Amino acid sequence: MPLQDQLSERFRRKQSGTQYRTLLQVLHIDITLLLSVVLLMTVGLFILYSASNQSSAIFSQGIMHIGLALLIMIVLAQLSPITYSRWSLTLFIISLLLLALVLVIGHIDKGAQRWLNLGLFRFQPSELMKLSLPMMLARYYQTSNLPPKFKEICIGILLILLPVLLTLKEPDLGTAIILLIAGGGILLFAGIQWRYILGTTFVAVISAPFLWRVMHDYQKQRILTFLNPARDPLGSGYHIIQSKIAIGSGGLFGKGWLQGTQSHLHFLPAHATDFIFAVFGEEFGFIGCVILLLIYLAIVARCIYITSQAQNTYTRLLAGALSLIFFTSVFINIGMVCGILPVVGLPLPLVSYGGSSMVITLASLGLLMSIHGHQQLLSH
Amino acid sequence: MNGSFTLKDRTREKYMFRNRLIIAIIMIIFLSFLLIYQFINLQIFQRQYYTTLSKKNQIDFSPIPPRRGLIFDRNGVLLADNIPAFSLMMTPNKKDEMQKTIAELSKIIKITPDDIENFNKQAKQHRRFEQIPLKLKLTEQDVASFSTNRYRFPDVSVQAALLRTYPLSNAMSSVLGYVGRINEYELQYVDTTNYAATNFIGKLGIEKYYEKELHGTVGYRQVETDASGQTVRILKNIPSVSGKNLYLTIDSRLQLAAQKALGQNHGAVIAIQPSTGQVLALVSNPSYDPNLFVNGISQKDFNRLQHDPAHPLYNRTLRGLYPPGSTIKPFIATEALNANITNTEFTLFDPGWYKLPNSSHVFHDWKPGGHGWVNISKAIIESCDTYFYDLAHKMGIDRIDDILGQFGFDKPTGIDMGEELAGNIPSPEWKMKNRGLPWYPADTILSGIGQTFMQVTPMQLATATATLANHGVRFRPQLLFATQADDEQIIYTHPITETPVVLKQDIYWETIINAMQNVITEGTGYSFGHPSYSVAAKTGTAQVVNSRENDNAADNIPIQLRNNSVFIAFAPIQNPKIAISVVIENSHDAIRISREIMDSYLLNPEQDIAHATTRPAQ
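Taken in order, these protein sequences are the chains called A and B. Numbered by the working numbering, the letters in the first sequence go through residues -18 to 361 in order. Numbered by the working numbering, the letters in the second sequence go through residues 2 to 619 in order.
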């Protein structure tokens, strides 16, 4: 068919209201999100290669994780938000049970009991909770006449605290904070009144001393050390000092790919996982850091756009919470690596080495794609 | 709206959601700027600071210790050697972990509390990741048992290092001193960079005095390290420069002979080459084994040496203060002749005592009944006290002090060893200041025979004797014969002259030296015997207790109260090769001992420096 005809055919369809649907639209894939995520993960692979001291094994593992995570994202994008809404409660209960289970039979690594060994791979139930808690809360508030009433807020807080406390018990402070922020985000998006926000903040401040007492020693250490890294330069302050040295010595343009000395000479701890941003900062400098942050912000912006376009309470709250989780994870990780937040042990989304985190992050983007991809069907 | 049923107000909800989303967006923008602010902070403003830290992180300087210079005697006999020994080295760590490691190590290698104390001391002063010796001189057994258990001790290793040893042991300790582990006090005074890899420092004697020459210059290996301090690769290697080898003026054969001659006697022997001031022998007896100190002396050994009534740690040659007794007479006589206070013709009748014109106090001569008519020669030969009482009275104390000062009795000789004391030539000012008493005429008279408050060191006495042998030409006593840097030419030291003692006529020297020669043939030094070489000498007896009536040397009084015997001599009289001073505590053995020393030196063929550089078997 000549090009002229193609265009006129298309024009006619549009005029007549018939949607011309691309393959991506059929698969409910948001191309903006997909492209920016793929770009980010490509950059991530390069950093991982450098951070792992050019280990091809870790590099190919990283590719495997990405492949698996992308697959899961696409699969999840196919299910409609209605399905998610329906399964929210079940998934939440399963996640809670797994969290409890991990405390009993979990795999212990570096003093923390976070993993379930599923034979083929190890799995972190607290990661799953990052999906199921927002789904549960969105599900709970979808039928309410928002803003939520006091009782509904209390139940919401209960739903949040249950997994948060279980996660804290593992102990996994980072994920607990993320869950807390995700839950708080949903309450915020649900339109909780400011007086409740202030009240909750007040209660949180009051309960801080109690929280301090139930905290693990290593968590207290981290907070104390964050406040003053020089307190223990060879112990827990060592991480912060070394990662600041790595980032700071990167300067404006960085030392160049594979040229970072801090990580390659093992001064930098956990340089392939939680502290991978320091490797990036050392090798690509200020320019690189800003560009990487912009890529993240592009993803966040697209997520927020999707959120703003969501058309019912469930999708709106879920999308808002997932966007918030994504940004908060990025902020907390980069913040701790460059020394403006305490070290809480969170990976850098989509860049840090680690299957669980990768899969869950892309799964959450899959949910967002589902929300965005299915709305036209609903609206027309 | 009726409350019985709730209807979702979708428009309101949507509007409110928008508002909340905007708040979230504002938060996100704010937090993003916070991150960028921190990037700017770290990577632009503080870049320099973190770059420096980063470089320091990766590059470590590991110092290479220089090899300590060897010490030889003038003939090339090795006096101080470095032998390779295995040391147990440990990287300091967290305290409780270290204690655990040491406790585990003790099960296979004997580690004393002294070792641990030394280790802890050094651990405080050293940098992170630097290995510190925990135990030196491991036995083969230790090395073997550690090797099989090495995997259990990642922070511990066995290193071969050079350890100082003194092959001649006791015989050389008065000269060489010893090295020991550097302590905190010494660290304040050394260039810590140069001593970065050094464990030992000269503590005493030549080892201390020539520390700078012996130590050498530290080398460096610039290495790239990882976070655990392990070397990844060597970037730069600046080799260390070995310390200089020292050749001492000491003739170890003479030194050994002198020590043998001294036997069980407590005392000091010094032999000097008059023509140069070179010290040929310097022996303080009893002495100690300097090897004990190298490895860090055990508290038990140290206490034993410290509390030994014979004071083996006390260097009598430089620090022993003895009344010179009659050995001071020839020196006083030079001035008496020079100032024409007496001459060879003048004679004095000695009834066995001396009395000042207007005093009833009687000064006894050592010989009851006296020496009869005495001239200056006879006064020296027979050591006539009365003659010298009279001389002292006529000269006055100022003149006596002046001539003794010219011979160097008023200050340390300046020998290149440090730790030397000055002795004491008393003056009225000195007496008033130190005793709070005026100077009596009796003090002057007794000064004439080297008694009262007069004290000299054997070193001063030997130097003055050499000056006498030289007819007044003075050299500062020296122990350093030559130095040799690695594979370079031997550089000999030059004699250092001091202000000479000048007499108006050379005949005055000859008069006194002739008299001293006759001391041996017919005088108080008769028991010296008749050697084949010519000798000039003077005997002396120094009182330990003031009891002139008794023969203090007699065997019926306690040893520690018996008189000291002092002997000075030089030989041959023409072109003297050796001048000696011998002080023997509580014994009259000085003359016999001197004869043995003289014979040993003068009757043995000379050896050259080129010989005997071989290491003695250990």
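A virtual CB, placed ideally from N, CA and C, is assigned to each residue, including glycine. The model shown is predicted, which means the values in this text are computed figures rather than measured ones.
- Residues of chain B whose Cβ lies closer than 8 Å to the Cβ of residue 321 of chain A are, in chain order, 35, 36 and 39.
- DSSP places residue 406 of chain B in the helix class (H, G or I) of the three-state scheme.
- Where residue 386 of chain B is concerned, there is no enclosing beta strand (DSSP E), although the alpha helix (DSSP H) around it starts and stops at 386 to 396.
- Secondary structure note for residue 216 of chain B: its alpha helix (DSSP H) is the uninterrupted segment 212 to 216.
- When C-beta distances to chain B are compared with 8 Å, the residues of the region 229 to 242 of chain A below that value are 229, 230, 231, 232, 233 and 242, in chain order.
- For residue 73 of chain B, the three-state secondary structure derived from DSSP is strand.
- Listed by position along chain B, the residues whose Cβ is nearer than 8 Å to that of residue 180 of chain A form an empty set, because the closest Cβ is around 17 Å away.
- Restricting attention to beta strand (DSSP E) runs no shorter than 3 residues, the region 113 to 159 of chain B encloses them at 133 to 136, ordered along the chain.
- Within chain B, not a single residue places a beta-carbon under 8 Å from that of residue 49 of chain A; the smallest gap is close to 29 Å.
- Restricted to the region 256 to 333 of chain A, the alpha helix (DSSP H) segments that are unbroken, complete and at least 4 residues in length are 257 to 290 and 294 to 318, listed in chain order.
- Residue 351 of chain B sits in a strand when the DSSP states are folded into three classes.
- In the displayed model, residue 442 of chain B falls within a helix according to three-state DSSP.
- By alpha-carbon distance to residue 83 of chain B, the top candidate from B/518, B/66 and B/159 is B/66.
- Its chain contains 353 as the residues whose beta carbon lies nearer than 6 Å to that of residue 370 of chain B, once the 5 sequence neighbours on both sides are disregarded; these appear in chain order.
- Close to chain B, meaning a Cβ-Cβ distance shorter than 8 Å, are the following residues of the region 149 to 175 of chain A: 166, 169, 170 and 172.
- Counting only runs of at least 4 residues, the region 295 to 360 of chain B fully encloses the following alpha helix (DSSP H) elements, listed from N- to C-terminal order: 300 to 307, 317 to 320 and 330 to 339.
- Cβ proximity to chain B below 7 Å picks out nothing from the region 324 to 355 of chain A.
- For residue 124 of chain B, no Cβ of chain A is located within less than 8 Å of the residue's own Cβ.
- Excluding residues up to 5 positions away in sequence, 514, 518, 535 and 537 lie with their Cβ nearer than 7 Å to the Cβ of residue 574 of chain B in the same chain.
- Within chain B, the residues 18, 19 and 22 have their CB atoms less than 9 Å from the CB of residue 289 of chain A, given in chain order.
- The Cβ atoms of residue 207 of chain B and residue 178 of chain B lie closer than 8 Å to each other.
- In the displayed model, residue 78 of chain B falls within coil according to three-state DSSP, outside both helix and strand.
- About 11 Å separates the beta carbons of residue 470 of chain B and residue 331 of chain B, which is beyond the 8 Å limit, so they are not a contact pair.
- Look at residue 43 of chain B: its C-beta is under 8 Å from a C-beta on chain A.
- Using beta-carbon distances, residue 262 of chain A counts as an interface residue toward chain B, with a partner under 8 Å.
- Rounded to whole angstroms, residue 328 of chain A and residue 20 of chain A show a C-alpha spacing of 18 Å.
- Taking every protein chain shown into account, the CB of residue 533 of chain B has fewer than 16 other CB atoms within 10 angstroms, so this residue is exposed.
- Residue pairing by DSSP places residue 539 of chain B opposite B/569 in a beta bridge.
- In this structure residue 234 of chain A is exposed. Its beta-carbon is surrounded by fewer than 16 other beta-carbon atoms within 10 angstroms.
- Residues of the region 261 to 274 of chain B with a Cβ closer than 7 Å to any Cβ of chain A: none.
- According to the DSSP assignment, residue 374 of chain B belongs to the beta strand (DSSP E) that extends over 373 to 375.
- Chain-order list of chain A residues neighbouring residue 86 of chain B: empty, with the shortest C-beta distance near 33 Å, by a criterion of under 7 Å.
- For the options B/141, B/344, B/291 and B/91, the alpha carbon positioned closest to that of residue 121 of chain B is the one of B/91.
- Taking every protein chain shown into account, the CB of residue 93 of chain B has 16 or more other CB atoms within 10 angstroms, so this residue is buried.
- Beta-bridge pairing by DSSP links residue 249 of chain B to B/481.
- With respect to the 8 Å criterion, residue 349 of chain B and residue 375 of chain B are classified as neighbours on the basis of their beta carbons.
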